[in-house]
Amino acid sequence: MNDDKNTIEKILSLARWAPSGDNNQYWRFDPIDGLTVRVHGFDSRSHCVYDLDGHPSHISLGALLETIEIAASAESMAVDMQLDPSSVDTHPIYNLTFRRDPGMQPNPLAAVIEKRCVQRRPFTTRPLREDERQRLREAVGGRHELHLIEGFSQRLRTAKLMFHSAKLRLTIKEAYQVHAKIIEWDTRFSKDRIPDAALGASKMTLMMMRPAMKSWSRVQFLNRFLAGTWAPRIELDFLPGILCAAHFVVCAKEPPTTMQHYIEGGRALQSFWLTVTLLGLNLQPEVTPLVFTRYARQRRNFAPSAPDALRRADRVAERLGDLVGQRVSDCAVFMGRIGEGPAPTARSLRLDFKDLAHDPANEPH
Ligand SMILES: Cc1cc2nc3c(=O)[nH]c(=O)nc-3n(C[C@H](O)[C@H](O)[C@H](O)COP(=O)(O)O)c2cc1C
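So for the sequence shown, my numbering puts the first residue at 158; every next one is plus one.
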């Protein structure tokens, strides 16, 4: 009995290393008995412009569930996962029942769960080999497809898309309010945010960003009079956009619309990301163009601070459609870039396991 509890704690503790938007770890664990655990998911849609309809948080939850299953296999355990009927879009709950299965083969991806992380600095441009492409296509599973954007001219077009999307990101107050909260300054490691050293910016850019980000009016001043978005956009979006092996889009077979579609998408993403890591490659998500495209398509006034934001989101949507085609753009769940290169020297860490215990009086929001 105690053995089961310890094993399940070990599995969940390892699965904490699943990725989440801005490292928010909007999941909590509620042990019901030795072999049953309830996983509570939350989202940040009320205060994070990127968490459109909570879907990025649903993707994170899916990544967590996939990681739990992979981590369980390494402990010779199978796990059944059922969405609790009381779940709502803003608070999905999964009932997990673990079962010992001596015949279970450990999933090789379990070995890289903790190693997998974001690298936001440039990669080499060594193209993917055919065997790598094949492994990556298989990794997204039968319900998803992998769309790869390769070759210099296509990477250049993607870099331009990222450059434009970043201008929108850096000039709306709604995004500034998110950025101001999620960066932990002067550090290489952060348990609940993104350390500044992992942003991929040079020391010079960080020196410029830090005082500017103390207030929105300072950011506006820099943007207006000192071309403040140029340095970060070139360094964090344009150059890395060219300097990689490929950009990728994980697509569902049909346009995703529901919470469960995005949770499934998150599972596919995590299987893909762990495979990238197992192959010795790096990955950086590039999710903002997908979010702006969905805002544009739904005609939603996502940035009241900037009257022209929707028009600029239209341009991002057009560029994305021209780059990958309308079907891929409609079915996209996640986008990013991959390639060979050194591992990052700074990264997000995770909350301690005990801090992820579900407490109804203190839920993340
Ligand atoms: C749904 C989702 C969206 C994300 N979007 C971005 C993004 O647009 N840009 C980026 O650099 N990282 C993005 N990330 C990566 C997270 O910031 C990262 O996973 C988190 O900080 C934990 O760090 P780690 O993955 O290095 O452990 C995203 C992650 C998820 C799950």
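Cβ coordinates follow ideal geometry from the N, Cα and C atoms, glycine included.
Small disclaimer: the values here were computed from a predicted structure and weren't measured.
Legend entry - Where the alpha helix (DSSP H) through M416 begins and ends: Translated into positions along the sequence shown, residue 416 becomes position 259. Its alpha helix (DSSP H) spans residues 416-435.
Legend entry - Which of helix, strand or coil DSSP assigns to T193: Against the sequence shown, residue 193 aligns to sequence position 36. In the structure shown, T193 sits in a strand (DSSP, three-state: E or B).
Inset, instruction - Determine the DSSP secondary structure at Y183, reduced to helix, strand or coil. - result: To locate residue 183, count along the sequence shown from 1; it is residue 26. Looking at Y183 - three-state DSSP - the assignment turns out to be coil, as it is neither helix nor strand.
Legend entry - 7 angstroms CB neighbourhood of H321 in its chain, flanking five on each side removed: Here residue 321 refers to the residue found at position 164 of the sequence shown. Correct list, in chain order: R472, V473, R476.
Inset, instruction - With DSSP collapsed to three states, give me the class of L447. - result: For this step, residue 447 is matched to residue 290 along the sequence shown. Correct three-state label for L447: helix.
Inset, instruction - Alpha carbon to alpha carbon, how far is L209 from V448? Give it in angstroms, no decimals. - result: Against the sequence shown, residue 448 aligns to sequence position 291. Against the sequence shown, residue 209 aligns to sequence position 52. Their backbone Cα atoms lie some 7 angstroms apart in a straight line.
Legend entry - Helix, strand or coil at S505 according to DSSP, with G and I counted as helix: Position 348 of the sequence shown holds residue 505. Three-state result, S505: strand.
Inset, instruction - Flag I225 as yes when its Cβ comes closer than 7 angstroms to any non-hydrogen atom of ligand 1, and as no otherwise. - result: Translated into positions along the sequence shown, residue 225 becomes position 68. No, ligand 1 has no heavy atom inside 7 angstroms of this Cβ.
Legend entry - R278 to N159 span [Cα, whole Å]: The residue labelled residue 278 in the question sits at position 121 within the sequence shown. The residue labelled residue 159 in the question sits at position 2 within the sequence shown. Distance between the alpha carbons of R278 and N159: 44 angstroms.
Legend entry - Three-state secondary structure assigned by DSSP to M361: For this step, residue 361 is matched to residue 204 along the sequence shown. DSSP places M361 in helix when its eight states are reduced to three.
Legend entry - Alpha-carbon to alpha-carbon, R294 and E302: Here residue 302 refers to the residue found at position 145 of the sequence shown. Here residue 294 refers to the residue found at position 137 of the sequence shown. Going by the C-alpha atoms only, they are around 7 angstroms apart.
Inset, instruction - Please report how far the alpha carbon of V376 lies from the alpha carbon of T362, in whole angstroms. - result: Sequence index remark: in the sequence shown, residue 376 carries index 219 (1-based). Sequence index remark: in the sequence shown, residue 362 carries index 205 (1-based). If I take the Cα positions, the gap works out to 13 angstroms.
Legend entry - T243 versus T414 - alpha carbon distance: Here residue 243 is taken as the residue at index 86 of the sequence shown, counted from 1. Here residue 414 is taken as the residue at index 257 of the sequence shown, counted from 1. Looking at the sequence shown, residue 243 is not Thr but Ser. Cα to Cα, S243 sits roughly 20 angstroms from T414.
Inset, instruction - Can you tell me which of G398, L318, K330 puts its alpha carbon nearest to the alpha carbon of T450? - result: Translated into the one-based positions of the sequence shown, residue 450 becomes position 293. The shortest Cα separation from T450 among G398, L318, K330 belongs to L318.
Inset, instruction - Kindly indicate the opening and closing residues of the beta strand (DSSP E) around R494. - result: Within the sequence shown, the letter at position 337 stands for residue 494. R494 -> beta strand (DSSP E) spans 489-496.
Inset, instruction - From the DSSP output, in three-state form, read off N519 for me. - result: Here residue 519 refers to the residue found at position 362 of the sequence shown. Correct three-state label for N519: helix.
Inset, instruction - Answer yes or no: the CB of T362 versus the heavy atoms of ligand 1, is any distance below 7 angstroms? - result: Your numbering for residue 362 matches position 205 in the sequence shown. False, no ligand heavy atom lies under 7 angstroms from that Cβ.
Legend entry - Pairwise C-alpha distance: A503 and R256: The residue labelled residue 256 in the question sits at position 99 within the sequence shown. The residue labelled residue 503 in the question sits at position 346 within the sequence shown. In a straight line, the C-alpha of R256 is about 37 angstroms away from that of A503.
Inset, instruction - Taking only the alpha-carbon atoms, compute the straight-line gap between A267 and E287 and give it to the nearest angstrom. - result: Mapped onto the sequence shown, residue 267 falls at position 110. Mapped onto the sequence shown, residue 287 falls at position 130. Near 24 angstroms, if we compare the C-alpha coordinates of E287 and A267.
Legend entry - Beta-carbon proximity list for D241, same chain, < 6 angstroms, skipping 5 on both sides: Indexing the sequence shown from 1 puts residue 241 at position 84. Hits under 6 angstroms: I250, N252.
Legend entry - Residue nearest to L513 in terms of C-alpha spacing, selected from L192, T164, F199: On the sequence shown, position 356 is the one that residue 513 refers to. Comparing Cα-Cα distances from L513 to each of L192, T164, F199, the minimum goes to F199.
Inset, instruction - Give me the Cβ distance between R424 and E223, rounded to the nearest whole Å; I'm assuming they're in contact under 8 angstroms. - result: Within the sequence shown, residue 424 is the residue found at index 267, counting from 1. Within the sequence shown, residue 223 is the residue found at index 66, counting from 1. Their Cβ separation, rounded to whole angstroms, is 4 angstroms, which keeps R424 and E223 in contact under 8 angstroms.
Legend entry - Residue environment, A316, which counts as buried when at least 16 other CB atoms sit within 10 Å: For the purposes of this step, residue 316 is identified with residue 159 of the sequence shown, where counting begins at 1. Buried: at least 16 other Cβ atoms inside 10 Å.
Legend entry - Boundaries (first-last residue) of the beta strand (DSSP E) holding Q239: For the purposes of this step, residue 239 is identified with residue 82 of the sequence shown, where counting begins at 1. Start and end: 234-240.
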